[in-house]
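Contents: one structure, followed by commentary.
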Amino acid sequence: MLKIENLHVKVDGKEILKGLTLAIPTGEVHAVMGPNGSGKSTLANVLAGRPGYEITAGSVTFQGRDLLGLAPEERAREGVFLGFQYPVEIPGVNNVYLLKAAVNAARKHRGLEEVDAFEFLTLVREKMRLMRMEESMLSRGVNEGFSGGEKKRNEILQMLVLEPRLAILDETDSGLDIDALKIVAHGVNTLRSPERSLVLVTHYQRLLDYIVPDHVHVLVRGRIARSGDKSLALELERRGYDWVTGEAA
Amino acid sequence: MTEALCKRLLDEYAAVRDSLPADVVSPERRQEAIDALAARGLPVTRDENWRYTNLRPLERARFAPAAAAPARGASGTPPPLPSGLDLPAGLGGFARYTFVDGAYAPELSSPREQAGLTVRHLRQAPDGAAAQAHSAAVLRLPRALPASSGLPEARLALLNEAFATDTAAIHVSGAAAAPACVELVFVALAGADKGASYPRIEVSLDPASRLILVERHVGADAGASFVNCSVNVDVGRGAHLTHYRLQRAGARSTWLDTLSAALAADARYGLLAVSTGGLSARSTTHVQMAGAGAQLALSVAALGDRQQVQDHFALVEHIAPRTRTEQTFRGIASGRARVAFNGKIAVREAAAGTDSRQSLRGLLAGPEAEIDVRPQLEIYTDEVRCSHGATAGKLDEDMLFYLLSRGLSPEVAQRLLKWAFLEDVVAKIEIPELRRQIEHGLAGQMADAASLKELL
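As you go down the protein sequences, you meet chains A and B in turn. Whatever position you read off the first sequence (first residue = 1), add 529 for our numbering. Whatever position you read off the second sequence (first residue = 1), add 51 for our numbering.
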């Protein structure tokens with residue numbers, strides 16, 4: 530599904546990713562963990578195509594195509610989804626409009642007709658129930674006045690409606706209380722499938738109790754310092770990041 | 052003002068003076084106005100608070116009113132509206148009065164009786180029949196020049212005073228269960244070479260009365276008219292006026308406007324303007340918070356594209372204690388347009404307890420566009436609360452990226468964000484029907500009715 534090779538990325542002239550190599554096969558869930566400043570969010574943003582990141586070396590292929598050559602909206606239409614760490618508020622653009630515009634952009638890209646309004650609303654309502662979101666949120670501005678937890682649930686709602694091939698969730702667990710974390714995890718788990726890959730970017734092991742990954746990678750100073758199965762996350766929890774950063778130094 | 056221009060102004064006035072209707076403005080007052088204007092001069096861009104206005108059209112404009120020319124046929128019927136100019140659909144429950152090139156057009160109007168409401172057009176039919184029908188109506192018209200006309204920013208009202216061909220005079224009395232609802236439509240048809248159009252409105256609300264006024268200015272799409280509008284508003288003690296002003300003049304028109312309002316104690320005035328038309332548009336708004344506890348909500352949305360100039364100047368004077376203003380401006384400049392809002396708040400000595408808030412924001416949507424938002428405060432007393440925020444900038448990069456990351460094209464994302472920006476003002480429109488009309492108009496104006504249609 531996704532193949533990252535020797536990726537070097539600079540932000541404001543400073544190298545953040547220093548030769549990152551990572552492969553995410555189709556149907557797997559991978560967790561990318563790491564201490565603050567290790568480059569986790571940079572990785573997520575680069576994959577989604579956020580401006581301001583200078584790629585100096587390396588390649589990223591998504592389903593055999595050069596991902597870095599695609600504009601952000603093309604990546605989205607191809608099925609790449611970024612769940613934002615800090616979802617932005619956009620007053621004046623309502624949630625349901627954005628959802629529909631996003632779905633139709635992807636459908637048009639695939640040569641499909643626009644979604645039927647009634648079927649669409651039925652689907653959105655069903656997903657909202659899953660995320661325990663009140664229906665009134667649909668007619669509000671995107672994330673407008675939402676609490677931190679509501680914003681994160683809204684990200685997952687968008688993901689559930691868009692059904693991406695590859696979802697990158699950037700610190701989706703941060704700022705969530707335990708109930709919200711369970712709701713979010715449940716939402717994510719319903720999307721797990723043999724055709725879909727998920728990348729969970731997280732600082733803490735806690736999320737992985739609820740979304741169990743197939744593989745865990747530890748990112749240290751811009752490189753994958755260690756990979757393993759889910760037990761690696763537990764070991765990290767026990768021993769702290771110093772264990773890996775010390776080794777990587 | 053150059054000597055030549057001043058002379059032409061006086062010559063044009065002298066040539067039409069005797070044909071101007073005395074029942075609209077008395078000859079004495081017209082003379083007083085033209086003299087005052089000649090003495091002060093027409094504004095020039097060197098003048099403080101006029102530097103964003105495009106005043107060049109004044110040099111070429113014909114000041115004599117188009118309506119004074121024999122526009123009407125022998126039968127007294129006006130020429131039909133040109134194809135392509137559809138008047139906006141009427142609003143449920145509203146009485147509509149339409150003026151074409153500054154003259155009342157009964158065939159395009161639909162009066163509707165409402166408790167306590169008197170609407171008159173002051174120019175009466177020559178046979179006196181219409182005059183009689185209205186003679187019972189009591190109307191307090193100002194006898195002297197409006198107080199604002201002494202302001203340098205308001206001097207174009209003098210031009211209207213001198214040349215006015217008709218007046219829409221609205222008077223509301225008594226506390227009715229529901230507010231009176233009036234819609235005024237001003238159509239500018241004549242090209243600037245044929246003469247000017249002088250829309251003119253007098254609004255007077257007795258104590259405790261209520262009125263919703265929708266004022267529209269329209270022209271043919273490619274129209275090149277010269278319009279000089281004057282509005283005087285008097286809101287009595289405890290009265291409520293909600294006033295929507297929608298300017299959609301023809302694309303090559305010059306649209307100049309002066310509104311003066313005085314608010315008595317506990318009066319409430321909600322003034323919301325959406326300005327999208329004309330090539331050169333300028334609005335001067337002067338509100339006097341004359342009575343204790345008066346409240347003003349002034350909201351302006353302006354959209355400029357191509358070479359358009361949209362310039363607004365607003366002076367709010369807090370004269371009495373405990374008066375309150377809330378000002379919102381949202382302007383977008385695309386193409387090579389220039390959009391400006393200059394909001395001045397003056398708090399006089401006796402206006403203790405004034406509360407004024409300004410939120411002025413401009414959005415720059417073109418590399419050659421210009422935005423200027425300027426809050427100004429003049430405070431002559433203690434015990435006031437004045438806050439203002441003014442920003443001018445480009446679209447928010449984070450918002451833009453968020454929309455792109457969901458698959459929206461950059462064009463759609465940008466239009467959506469511009470739309471959202473204007474919503475701060477548009478969302479304040481309390482009449483759903485009107486709000487829809489304006490949203491459709493704005494979507495059309497943004498040349499993207501298709502991608503925005505689902506928002507409507």
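All C-beta atoms in this analysis are idealised placements derived from N, C-alpha and C, irrespective of residue type, glycine included.
B:N283 is the residue among B:G144, B:P483, B:A371, B:N283 whose C-alpha sits nearest the C-alpha of B:S255.
Residue environment analysis places A:F647 among the exposed positions, since fewer than 16 neighbouring C-beta atoms fall within 10 angstroms of its C-beta. Our two residues, B:V170 and B:F214, have alpha carbons roughly 21 Å apart in a direct line.
By the neighbour-count definition (other C-beta atoms within 10 Å, threshold 16), B:P461 is an exposed residue. Going by C-alpha positions, A:S665 is about 28 Å away from A:E602. For A:G716, there is no enclosing beta strand (DSSP E); the residue is part of the alpha helix (DSSP H) that begins and ends at 707-719.
Secondary structure note for B:D308: its beta strand (DSSP E) is the uninterrupted segment 305-314.
For A:G677, the enclosing alpha helix (DSSP H) stretches over residues 677-691.
Between B:D272 and B:A313, the gap from beta carbon to beta carbon reaches 8 Å or more.
Residues R375, R436 of the same chain have their beta carbon placed closer than 6 Å to that of B:D406, with the five preceding and five following residues left out of the count.
For B:Q378, no alpha helix (DSSP H) segment is defined; the enclosing uninterrupted segment is the beta strand (DSSP E) at 375-384.
In this chain, the alpha helix (DSSP H) harbouring A:P601 covers 601-607. At a cut-off of 8 Å between C-beta atoms, B:M450 counts as an interface residue with respect to chain A. For A:H732, the secondary structure class from DSSP, reduced to helix, strand or coil, is coil. Within chain A, no residue has its CB atom less than 7 Å from the CB of B:L210, the nearest being about 38 Å off. If the five residues before and after B:F380 are omitted, its C-beta is found closer than 6 Å to the C-beta atoms of V351, F392, L411, all from its own chain and listed in chain order.
If you draw a 10 Å sphere on the C-beta of B:D244, you find fewer than 16 other C-beta atoms in it, and that means exposed. At a beta-carbon threshold of 9 Å, none of the residues of chain A lie near B:V351; the nearest stands roughly 17 Å away.
As summarised for the region 403-490 of chain B, the continuous beta strand (DSSP E) elements at least 3 residues long and confined to that stretch are 406-415, 421-430, 436-444, given in chain order.
Taken atom to atom, the span from the alpha-carbon of B:D475 to that of B:R389 is near 20 Å. Cβ neighbours of B:A112 within its own chain (closer than 6 Å, five residues either side excluded): A243, F277. With a threshold of 16 other beta carbon atoms within 10 Å, B:R147 meets it and is buried.
For the C-beta of B:E474, the chain A residues within less than 9 Å are, from N- to C-terminus, P620, G621, V622, G670.
Around the beta carbon of B:R357, a 10 Å sphere encloses fewer than 16 other beta carbons of the protein chains shown; the residue is thus reported as exposed. For A:K759, the enclosing alpha helix (DSSP H) starts and ends at 759-768. The Cβ atoms of B:V236 and B:V269 sit closer than 8 Å to each other. Distances from the CA of A:K759 to each of A:L729, A:A573, A:G775 were compared; the closest alpha carbon is that of A:L729. DSSP, read as helix, strand or coil, puts B:R333 in strand. 8 Å or more divides the Cβ of A:M662 from the Cβ of A:G612. Taking the beta carbon of B:A471 as reference, the chain A residues within 7 Å of it are I619, P620, G621, V622, listed in sequence order.
Under DSSP, B:C280 shares a beta bridge with B:D308. The beta carbon of B:V338 is closer than 6 Å to those of A312, L347, V367 in its chain, skipping five residues each way along the sequence. Taking the CA atoms as reference points, A:R725 sits about 33 Å from A:D771. Bridge partners of A:M562 according to DSSP: A:T731, A:V747. Those residues of the region 548-580 of chain A placed with their C-beta closer than 8 Å to a C-beta in chain B are A577, G578, R579, P580, ordered along the chain.
Contact between the region 290-298 of chain B and the region 320-337 of chain B is present: three or more C-beta pairs spanning the two stretches fall below 8 Å.
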